[in-house]
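Quick mapping for you: the protein sequence lines, in order, are chains U and Y.
In terms of the numbering used here, the first sequence has 363 at position 355, counting the first letter as 1, and numbering is strictly consecutive.
In terms of the numbering used here, the second sequence has 11 at position 7, counting the first letter as 1, and numbering is strictly consecutive.
We put the beta carbon where it would ideally sit given N, CA and C, even for glycine.
Computed from a predicted model, the values in this text were never measured in an experiment.
Some notes on the structure that comes next.
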Amino acid sequence: MVTKNTLTKLALSALLTLTPLVSDAQAPSATPPPGKTTLDPLDPFDIFSFDELSPSTSDNDKTADELVRDAGRLLSTDRPLDARTKLLKAIQKDPKAYRAYYLLAGYYIVHVGHYRLALKYIKRAEALFEEQHGKPPYASQTLQMEHSNLIYYLSQVRLNLDNYQGALDALDDYYALGYRGEWYAGSRAWILMKLGRIPEAIKVARQGILAGAEEGRTLNMLGILLSMNDQPQESLEVFRQAIANELSMGREGQPATPLNNAGEVFKELFEDEKAESTFLRATSMPDGCEHVLPSLNLTLLYIDQLKNEAAISTMDSFQRCIAQFPLRNNEEHSALVNLARGRVDLHTGNVARAIQRFETALQGTQWFGKIGTNQNDLVVAASISLGQALLRQNNILSLTPTESWSEWTAQKKLATSNSLRAWWLFRRARQILIDDLNDVEDLTIRNTDSLLEYPTLGETLAGLSRSSLRRRLAKQREIDHRPAAAPFYEAYAAESERNILSSSASNAAFDSVIQHSRDGTDGLLRTHAILRRMAALGQDSDTYREFAYRIFYTAAPELRNYGLRLPVSFDSTGAPWGLRSKIESGPFLVVSGARAVCSIAPASNTTPDKISLRFTCPGQASKNKIVEGTSTTEAVNKLSDALFREEIRNVVTN
Amino acid sequence: MTNNAIQKRTIPWYRTILAFRSLGVIVAIATLQALEPLGTSPIVIMVAGILGVILSSQVAHSRLTNLGFTLTLFTGWLASASIFWTLNALFSGITPHFFSLDRLSLHWHSCLLATTITATMTWIFWRARSAITIEALILVAISILTFAGHRDFHFDRPKIINSLAWRAGVPHLAMLLLIGTTSLAFALVYLYIASQAVRPSVEEGRVHVAKSKRRWISTVLVLGFLGGIVYATQATLYTHYNSVMLARVANGVGMGDSMGVSPLSFQSALGSTNQPAGLIRLEGDYSDNPFSPMLYLRESALSQFSGKEMVFSGRAFDTDLPVVSPRDTFTGKEDVDLGPRTPLIQSMYLLADHDSAFAVDYPLSIVQLKNPNPSRFKSSYRAYSSAPAFKLSDLSTQEVGDPRWPPEITAHYLQQHADKRYKELALEITKEASTPVEKVLAITNYLSRTAIYTLTPNHTVSQNEDPVAPFLFGDHRGYCVHFAHAITYMLRALNIPARIGTGYLTDLSQAKDGHILLRMSDRHAWAEVYIKGAGWVPFDVQPDQVESHADTQVDSKLLEELMGNLEPGEEILPPETLHGESGVEEPMATWIPSRRTLLVIFFTILVICVGIKIVLRHGWRVATTPRSRIRWGYISVASRLRDLGITRHFGETRSQFSQRIDQQPLEPLTQLALLASYSRSPELSHDSIRKDIMGAHAALDKLPRHRRAHAVISTASITHLLGGGAW
């Protein structure tokens with residue numbers, strides 16, 4: 009990866025090869041040349057012919073080499089646009105000035121990310137270089153240095169354009185010509201990884217470390233490779249070294265990257281506590297919010313554990329931190345932030361807000377590719393989450409009594425459009441999963457490259473044919489021996505059975521998931537399995553009642569989200585006419601007092617002409633609520649919201 | 005006509021209806037694909053949909069009943085599901101990929117769904133008389149849902165309207181009306197054709213097709229009447245809305261610099277839009293920008309108080325403004341007393357029409373640039389600015405106003421509002437401030453704290469009332485226009501020279517390679533104060549409370565596409581530079597035909613039509629055999645009759661037709677045709693045939709001149725031929 013520092017080094021190396029200059033770089037004058045009124049923007053030889061502010065020296069009087077030297081200085085002092093102007097001016101002076109071309113290539117790689125244009129510049133620079141100095145190899149050390157820089161750029165640009173073989177070919181040329189660089193091993197290992205040649209990449213990275221390659225980057229690379237090669241413990245050891253190395257560099261170090269990578273490995277190993285502490289450490293580092301990934305990983309981990317408040321707090325911290333950098337563009341992370349926040353909203357019963365956030369996340373995909381993450385991952389994840397949110401909204405609507413026919417009609421209209429949209433979104437997600445993501449390659453639970461919500465993924469996978477999914481799951485179990493992953497695969501199989509109405513197989517599988525999933529850490533998976541199991545049970549069964557209260561105490565919003573009712577007793581003393589039927593059409597199941605833990609009763613009115621309801625749950629003081637409404641419907645709906653919607657403070661709204 | 009297998013080609017409008025419905029399918033699929041990727045190739049889905057139209061039309065003219073059709077569809081789906089189920093059961097373990105069959109199934113069912121929907125709708129069309137009404141209602145419902153946003157001046161929604169409008173270089177209101185007119189015209193023509201078409205009916209196991217009755221004159225009258233209504237409505241709509249649209253879509257900041265007039269609007273600016281307005285390319289770093297990361301681009305300034313609002317004062321004042329069209333050149337004078345300043349060069353490529361050039365602070369010079377892509381950019385120019393490089397914190401102790409100003413100019417910038425409340429409030433807010441600049445900051449901070457930014461303040465203000473008072477002394481709900489006015493009035497009440505700057509406010513953090521995409525939603529008005537030694541400095545409100553605002557995200561794809569238009573030319577990077585490289589395909593640009601292309605297409609069609617007419621009229625002249633000469637001769641006369649509006653009725657024989665026409669010009673040719681058809685060796689000479697053909701035409705030449713003239717331009721014979729009709 010070409011960084012700003014690398015570019016500066018290369019710019020300075022270009023300067024070393026140039027003759028001494030007569031003056032320092034100066035800013036351009038604001039006056040146009042006399043007599044020039046029409047300029048051709050497609051002809052860069054015409055457009056920068058302005059005078060220098062200094063009366064003694066202007067860009068017009070400088071040679072191409074002097075301008076390149078000026079540009080090099082400007083690049084090293086973080087004035088890229090001025091540098092770009094100088095370089096184009098240099099080309100105007102001397103169209104064969106290959107140094108100007110390759111510094112422009114560097115500018116477009118580092119400052120703009122316009123790789124296609126960078127490739128054009130670097131190819132032109134290479135052609136001019138060979139035109140002037142002949143074909144390699146070169147005897148002169150200066151020429152060797154320049155040529156090696158050209159090849160380095162070429163490989164990096166090709167890598168960014170996903171031409172991995174081309175990038176590797178460039179590195180082969182580099183090595184064959186006897187050039188050596190600290191970055192070589194890390195780059196080669198990365199490209200080999202992209203080509204799927206993991207063992208070879210590991211070998212290259214290891215050799216690089218022994219040969220004194222750029223340590224931080226190469227170690228990080230090696231750690232990733234070992235993790236991909238199913239060597240998590242070795243990978244963690246390498247990340248430890250990488251972290252130590254970055255920390256030893258003081259302010260220059262970037263420890264958040266290897267810390268995040270190590271956290272991902274812990275997460276994949278289902279060592280949740282270690283993963284959490286590693287991500288927390290990554291986010292607390294000075295470079296902890298330079299990228300959204302550590303915060304995102306931590307948030308998603310908390311969501312899996314049903315720690316919604318901690319999840320929101322993590323996102324808040326990230327957004328507060330990123331606000332320190334006004335020049336940072338939100339486009340690089342807004343989609344991910346909305347996805348994560350949307351999921352928290354969904355699991356806390358704020359479904360309408362979740363839908364908005366998922367829609368924003370989906371719309372933001374066009375800017376997402378620039379940070380190198382697979383855009384399809386985001387589209388699939390956001391589509392699935394949005395589909396789930398729409399279905400949850402339908403469930404909530406089905407448990408929301410209405411005041412009038414018009415309200416009822418509006419509710420049905422929304423439910424119909426939600427169902428259609430959810431069907432389409434799930435279908436589209438499945439299509440991308442099998443078409444663009446190679447037969448659901450992200451099925452490995454907690455694959456950190458994917459943004460899927462694994463505990464509830466089965467809901468989408470169930471739409472695939474049962475035989476294909478069974479084969480895919482069987483294959484996955486063959487290669488994934490992590491015990492904690494097994495309940496997830498079982499849950500997917502259960503969803504598939506449920507989809508074809510094979511209730512006994514489905515129930516057995518969900519029971520197994522409930523029994524074998526880990527306490528606390530697999531909170532969302534277990535909740536999902538219990539809710540699915542409840543849906544298959546009769547509402548009057550004791551198991552249903554037991555499950556309902558279990559969910560109500562741990563993840564109350566999910567009960568209503570899944571369209572299930574909470575058994576309650578109802579004290580009709582002093583109740584207005586029709587209250588009981590309204591309660592029953594809400595998310596409550598009225599049962600006899602002995603069978604229910606919680607109860608609903610009319611409360612003594614605090615406001616005249618209003619209906620008050622009191623919800624009490626012995627031993628659960630936080631669940632006790634009193635609401636009032638102008639009608640029985642409003643009172644029931646308010647009680648429903650009070651119990652099944654959690655409002656977690658949202659410090660940062662976007 | 006009664007037949008078990010109806011010849012579809014003889015059913016009036018049959019093929020035209022198929023063509024119309026197929027076109028509808030294409031438009032619908034293309035629109036859906038534009039709104040959300042369908043996952044399967046839209047072309048394939050279109051073909052499947054068209055297949056549904058054709059197959060359904062075929063079976064609709066058979067003896068198949070409604071129940072039979074429903075069962076057929078159901079069976080089709082059942083068969084499809086069974087096949088995939090069987091294939092899954094038998095072959096799922098054999099295929100190299102786990103989900104090969106699921107993949108195929110998803111694509112297949114997309115097509116099947118398209119076929120089912122179009123087939124069902126087409127079946128209903130042919131079999132139910134009220135189908136056309138239902139279709140019309142569906143069309144209306146879709147239109148209402150799609151364009152519902154326009155009630156709030158969101159003329160650019162859905163987004164495709166915005167894209168089309170700016171690419172075609174027309175206001176999006178015009179584009180909206182164009183789309184509406186086209187849809188309406190399509191619907192009207194379709195409704196007409198559909199009403200003309202005859203429906204088959206199944207009685208006693210046989211299928212019947214009734215004769216059609218055509219009422220040309222009434223149809224033409226109705227169509228003309230409807231067209232007139234459409235035209236009048238659109239003209240009224242355009243006239244009514246266009247005047248307010250620009251200000252509405254531009255955050256209340258319109259364009260124009262006529263003396264005594266304000267381009268600002270106090271109406272609700274809910275129509276704010278992301279319509280691209282221009283592309284700026286900074287030719288150097290502007291690291292000294294005191295407003296970083298924001299960049300103010302001044303287009304005009306309003307310094308004269310009209311008694312009701314701030315207006316443009318003409319060229320006597322505000323001499324720092326270039327007040328030139330973007331297509332003009334300007335050379336100004338640098339004010340050497342202003343500092344610190346830094347030279348800043350900006351190349352502007354305008355995507356929407358602008359009355360005035362704009363630039364950072366005040367430009368010293370504006371020169372024209374060659375337009376790199378006239379189909380994209382309206383015009384382009386380069387502005388050389390002397391941009392502010394001071395720190396805002398350094399200004400706090402500076403004096404305001406320019407000691408070089410003559411009294412009348414100072415008085416001009418201190419014109420005050422008659423309403424004393426402005427002064428009272430200003431004094432109240434600034435009671436703790438000592439210097440003028442501190443007072444300015446106290447006022448902007450006060451509004452930042454208390455004002456609620458909304459694009460829909462919805463104040464009710466009559467023609468002669470102060471539109472700012474309901475904001476400042478009322479609910480504090482407003483947008484930049486209200487803020488800028490309120491600050492200016494209050495500052496002038498404190499004897500601080502102030503004016504309103506208008507133009508664009510953009511966020512440099514959304515720039516790429518020094519390129520900034522300006523949108524209409526970036527249009528802005530702000531208060532400015534003249535500070536000694538610094539010039540006119542913007543003082544803007546940054547409201548803590550935001551109720552509604554325009555979309556803020558820049559379309560990065562569009563920015564990159566536009567940047568591609570400015571890329572270095574072949575002089576720097578020859579086309580062969582990337583020879584042999586992979587993964588460097590340029591993104592496909594949307595093709596919008598130019599006027600020239602459209603003219604070429606139009607003339608090509610015209611030439612083809614004329615050619616067809618010539619062949620129809622005079623083809624008999626080159627026929628070699630008597631039989632072919634008779635056939636072509638008959639076509640010659642029949643096609644001319646069709647152009648004159650005289651057509652053979654459905655089910656009418658050629659003999660009956662020739663008998664029915666006045667003066668029976670076709671009779672000899674019909675007899676000849678019958679003779680040629682049914683006689684083994686008819687004695688026919690070229691001369692006699694020629695005589696009959698010429699005779700028939702001579703009879704038609706006796707018709708009134710206007711009818712003959714109409715026949716010359718009529719396309720009836722051409723459409724009949726292309727529709728596969730028999731002569």
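How long is the line joining the alpha carbons of residue i and residue j, rounded to whole angstroms?
| i | j | result |
| --- | --- | --- |
| Gly80 (chain U) | Leu355 (chain Y) | 34 Å |
| Ser342 (chain U) | Ile363 (chain U) | 15 Å |
| Gln396 (chain U) | Leu83 (chain U) | 49 Å |
| Ala490 (chain Y) | Gln546 (chain Y) | 14 Å |
| Leu545 (chain U) | Ile538 (chain U) | 10 Å |
| Glu486 (chain U) | Arg479 (chain U) | 11 Å |
| Gly531 (chain U) | Asp312 (chain U) | 6 Å |
| Ser525 (chain U) | Ser235 (chain U) | 24 Å |
| Ile612 (chain Y) | Leu725 (chain Y) | 13 Å |
| Ile165 (chain Y) | Leu180 (chain Y) | 7 Å |
| Ser639 (chain U) | Ile608 (chain U) | 16 Å |
| Ser134 (chain Y) | Thr124 (chain Y) | 14 Å |
| Tyr638 (chain Y) | Ala677 (chain Y) | 8 Å |
Sort out for me which residues DSSP pairs residue i with in a bridge.
| i | result |
| --- | --- |
| Gln238 (chain Y) | None, per the DSSP bridge assignment. |
| Ser390 (chain Y) | Y:Pro347 |
| Phe623 (chain U) | U:Ile608 and U:Lys633 |
| Phe578 (chain U) | U:Ile608 |
| Val224 (chain Y) | Paired residues: none, contrary to the question. |
From the DSSP output, in three-state form, read off residue i for me.
| i | result |
| --- | --- |
| Pro41 (chain U) | With a pLDDT of 43 at Pro41 (chain U), under the threshold of 50, the modelled position of this residue cannot be trusted, and the question is left open. |
| Lys443 (chain Y) | helix |
| Phe334 (chain Y) | strand |
| Thr464 (chain Y) | coil |
| Asn449 (chain U) | The sequence given here places Glu at residue 449 (chain U); Asn does not occur at that position. Of the three classes helix, strand and coil, the one that applies to Glu449 (chain U) here is helix, per DSSP. |
| Ala643 (chain U) | helix |
| Thr506 (chain Y) | strand |
| His536 (chain U) | helix |
Quick one: what's got a C-beta closer than 7 Å to residue i's C-beta in the same chain, skipping five residues either side?
| i | result |
| --- | --- |
| Thr119 (chain Y) | Ala52, Gly53, Leu55 and Gly56 |
| Glu442 (chain Y) | Ser400 |
| Phe555 (chain U) | Ile538, Arg541 and Met542 |
State the start and end residues of the unbroken beta strand (DSSP E) segment that holds residue i.
| i | result |
| --- | --- |
| Lys633 (chain U) | Lys633 to Gly637 |
| Ser342 (chain U) | Ser342 (chain U) -> not in any beta strand (DSSP E); alpha helix (DSSP H) instead, spanning Ser342 to His355. |
| Phe596 (chain U) | Phe596 to Val598 |
Apart from the five residues on each side of it in sequence, which residues of its chain come closer than 6 Å, Cβ to Cβ, to residue i?
| i | result |
| --- | --- |
| Ala423 (chain U) | Asn402 and Leu405 |
| Ser718 (chain Y) | Asp647 |
| Leu112 (chain U) | Leu95 and Tyr129 |
Specify, as a first and last residue, the run of the alpha helix (DSSP H) that residue i falls within.
| i | result |
| --- | --- |
| Ala415 (chain Y) | Pro411 to Tyr417 |
| Trp416 (chain U) | Trp413 to Asp443 |
| Trp636 (chain Y) | Pro630 to Asp647 |
Can you name, in chain order, every residue of its own chain whose Cβ lies under 8 Å from the Cβ of residue i, other than the five neighbours on each side?
| i | result |
| --- | --- |
| Val641 (chain Y) | Pro669, Leu670, Leu673, Ile697, Ala700, His701 and Leu704 |
Can you check whether the C-beta of residue i is within less than 8 Å of a C-beta belonging to chain C?
| i | result |
| --- | --- |
| Ile442 (chain U) | The chain inventory of the structure shown lacks chain C, comprising the protein chains U and Y. |
Does the Cβ of residue i lie closer than 7 Å to at least one heavy atom of the ligand MN?
| i | result |
| --- | --- |
| Met153 (chain U) | With respect to small molecules bound, the structure shown includes none, and the ligand MN cannot be examined in it. |
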